[in-house]
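Our numbering numbers the first residue of the sequence shown as 12 and each following residue consecutively.
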Amino acid sequence: MLTVLSALTLASEYFEKKGITSPRTNAEILLANILNCKRLDLYLRFDQPLKETEVELYRQFIARRGKYEPVQYIVGNTEFYGLTIDVNPSVLIPRPETEILVETILNQLKVTVGTKILDIGSGSGNISIALGKNLPDAEITSLDISEEAIKLAQHNANKNNVCNINFVNGSIISNGILSDQQFDIIVSNPPYVSIEEYPELQKEITMYEPVNAVTDNEDGLKFYKKISEFTMDRLVNGGSLFFEIGMGQSTHVSSIMTENGFHEINVVKDYQQIDRIIYGIKK
Ligand code: GLN
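As structure tokens, then:
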């Protein structure tokens with residue numbers, strides 16, 4: 012008979028052999044999901060025997076994780092800015108760094124009533140929903156090229172009781188999208204990994220996350236250029252553009268923004284002291 016403790020030990024040994032980072036944490040997250048409890052609660056239940064159905068499900072989860080499937084796709088959700096966001100392979104898994112993007116916008120915002128915000132490439136809806144939750148008087152538009160992503164983002168907004176988001180399935184590259192609208196803030200965490208760097212990423216990313224959400228198939232800067240251009244006639248004068256950026260991109264993105272008529276450009280570092288967020292004001 013397998014107890015919670017022996018199941019955790021077996022799973023983390025297996026993950027360790029597979030070269031998975033934080034093997035024990037992974038083992039705990041998966042088992043806690045099956046037992047419908049918090050990770051730390053497992054520590055109070057070490058001697059509890061597992062039912063046959065639980066063992067079977069755990070076996071399946073372990074096998075999937077052993078093939079490098081991200082733990083968030085296996086359990087079907089992740090935490091972002093204190094909210095539970097459901098995820099599936101049609102969307103990028105929200106990252107903790109992106110919470111700094113949300114935090115920066117919330118810190119910079121002076122007026123919130125009727126503020127119009129556009130989130131370009133909204134994916135699971137994490138940024139829009141975190142903003143919508145914290146700015147109930149703002150009007151948010153979430154734009155994504157993927158219909159499946161928009162569906163999931165809509166579901167996530169409902170799940171988190173956020174009602175001030177308008178979801179639009181489309182691309183900034185197609186002519187005329189949102190041309191009748193003006194926003195106070197535009198935000199994007201675009202695909203910023205270059206085609207050269209892409210193959211070097213973790214297997215979890217290259218094998219499972221949507222490639223179009225991770226790389227622009229060029230130099231990693233394509234979307235900063237496109238969005239900066241696109242933004243010019245969709246942003247009110249004095250409106251702000253906020254981006255998440257990749258390591259080493261701040262100087263390039265700053266020039267792109269300056270060339271496109273932005274000023275007062277600021278950079279915010281992440282927890283590892285890497286330039287991660289950049290924002291500027293339209294003159
Ligand atoms: N906006 C989503 C996020 O920040 C998706 C971004 C993307 O797919 N590049 O996680």
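All C-beta atoms, glycine included, are put in the ideal place defined by N, C-alpha and C. Just so it is clear, the structure is predicted and the values come from calculations on it, not from any experiment.
ILE161 - containing alpha helix (DSSP H), residue span: Residue range 158 to 170 is occupied by the alpha helix (DSSP H) that includes ILE161.
Quick one: which unbroken alpha helix (DSSP H) runs of 4-plus residues sit fully inside the segment 186 to 268? Chain order, please. Here the runs fully enclosed are 214 to 219, 222 to 225, 233 to 243.
Going by DSSP, which residues form a beta bridge with THR89? Beta-bridge pairing links THR89 to ILE96.
Would you kindly report the start and end of the unbroken alpha helix (DSSP H) that includes VAL15? For VAL15, the enclosing alpha helix (DSSP H) begins and ends at 15 to 28.
Are there any heavy atoms of the ligand GLN lying less than 7 Å away from the beta-carbon of ALA168, as far as the coordinates show? Checking the Cβ of ALA168 against the ligand GLN gives no.
Report yes if the C-beta of ALA296 is less than 7 Å from at least one heavy atom of the ligand GLN; otherwise report no. A question about residue 296 goes unanswered here, because the residues of the chain that appear run from 12 up to 294.
What is the rounded straight-line gap between the Cα of THR20 and the Cα of ILE73? Within the model, the alpha-carbon separation for THR20 versus ILE73 is close to 12 Å.
Range covered by the alpha helix (DSSP H) that runs through PHE72: According to the DSSP assignment, PHE72 belongs to the alpha helix (DSSP H) that extends over 63 to 77.
Paired residues, beta bridge with LYS280 - DSSP: Per DSSP, ASP286.
Short Cβ contact (8 Å threshold) for ASN145 with ILE96: Their beta carbons are not under 8 Å apart, which means ASN145 does not touch ILE96 by this criterion.
Can you check which of these residues, PHE178, PHE26, GLY93, is closest to LEU41 by C-alpha distance? Its Cα nearest to that of LEU41, the residue PHE26 stands out among PHE178, PHE26, GLY93.
Coil, strand or helix - GLY132 by DSSP: DSSP, read as helix, strand or coil, puts GLY132 in coil.
Just to confirm, does GLY132 get its C-beta within under 7 Å of one of the non-hydrogen atoms of the ligand GLN? Look at GLY132: its beta carbon is less than 7 Å from one of the heavy atoms in the ligand GLN.
Compute every distance between the C-beta of LEU103 and the non-hydrogen atoms of the ligand GLN, then say whether any falls below 7 Å. For the ligand GLN, at least one heavy atom lies less than 7 Å from the Cβ of LEU103.
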